[in-house]
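All remarks here apply to the structure that follows.
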Amino acid sequence: MKLSHKVLSVCLVSLGMVSLMSPTASAHGYIKEPASRAYLGTSAGGNLNNNVGRAQWEPQSIEAPKNTFIDGKIASAGVSGFSPLDEQTEMRWHKNEITNGSLNINWFLTARHRTSTWDYYITKEGWNPNKPLTFDNFELITQFDDKSMIPPTLVSQNIQIPNTHKGYHIILSVWNVADTTNAFYQVVDVDIQ
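Sequence positions in the sequence shown follow mature numbering (1 follows the signal peptide of the UniProt record, and there is no 0) and run -27 to -1, 1 to 166.
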C-alpha cells in the first residue's frame, strides 16, 4: 500500500512538472502572414522585432477576456509579460508591405477552439503612430462568423484594406472563442503602398 502511494505521488509530481515546463501546452494561435508584431519577434519570424517580452517564445498566448480593448495596451490586451508589444512609435516595429484591396490573413493555431467570430480592425486615417494605441484609433473592417465551429490548424481569411488608407497602419485581429469568455489578440504593422 505504501509503495503504490509513493508511485502515485511521483506520477502526480512528474505530471505537474511536465505541465509547468510546457508553456505552449495551453497556447492557441498567432498571425503568421502577414506576420504579426508578436510573431516577428520570434526566431521563426526572423527576429525582425526586438524586445517583445514573452512573445519571443509564445506569440500565440495573447489571450484575454473578450472585448479587452485597454487604451495603451491594445497590442498586449493587458496580458502580463507582453507589455513591450504596446510600445508605439512610427519606427519601433517592422512593417509588412501590402497594397489596398484584398489581403489574405493566415492564422496558425497551436490549439483549436470552437470559434464565435474573427474580427479585423484597422487604424483610421489620421491616427498618430507616435502615441499609445487606443481603441478609438481603430475601425472594424471585417467580421467572419464561424458559428461555433472548430477551425483547422491553418485559418486563411481574406479581408479588404480600404482604398483610402496609405502608409503606416495597424491591423488589429481578434479571434473570439465560442465556448469560453476569452479571445486571442494580434496586431499586424503594415505599410500600405
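The beta-carbon is built from N, C-alpha and C at its ideal position, and this holds for glycine as well. Remember, predicted model here, so these are calculated numbers, not experimental data.
Tell whether a beta-carbon distance below 8 Å holds between residue i and residue j.
i, j, result
"asparagine 22", "arginine 10", "yes"
"valine 147", "alanine 156", "yes"
"asparagine 40", "threonine 88", "no"
"alanine 48", "leucine 113", "no"
"residue 223", "threonine 90", "The question about residue 223 has no answer here: the residues shown for the chain are numbered -27 through 166."
When the Cα atoms are used, what is the spatial distance from residue i to residue j?
i, j, result
"histidine 86", "isoleucine 78", "18 Å"
"proline 57", "arginine 27", "9 Å"
"glycine 50", "proline 7", "Here residue 50 turns out to be alanine, not glycine, going by the sequence shown. Their backbone Cα atoms lie some 20 Å apart in a straight line."
"aspartate 152", "serine 121", "8 Å"
"glutamine 33", "leucine 13", "12 Å"
Helix, strand or coil for residue i per DSSP?
i, result
"glutamine 116", "strand"
"glutamine 29", "helix"
"proline 38", "strand"
"glycine 14", "helix"
"serine 75", "strand"
How close, in whole Å, do the beta carbons of residue i and residue j come, if the pair is a contact with beta carbons under 8 Å?
i, j, result
"isoleucine 143", "valine 160", "5 Å"
"proline 124", "leucine 82", "6 Å"
Using the Cβ count rule (16 or more neighbours within 10 Å means buried), how would you classify residue i?
i, result
"lysine 68", "buried"
"threonine 154", "exposed"
"glycine 16", "Note on residue identity: the sequence assigns serine, not glycine, to residue 16. Exposed, because fewer than 16 other Cβ atoms sit within 10 Å of the Cβ of serine 16."
Going by the C-beta, is residue i closer than 7 Å to any heavy atom of the ligand MN?
i, result
"aspartate 109", "By its list of ligands, the structure shown contains no ligand whatsoever, and the ligand MN lies outside what it can speak to."
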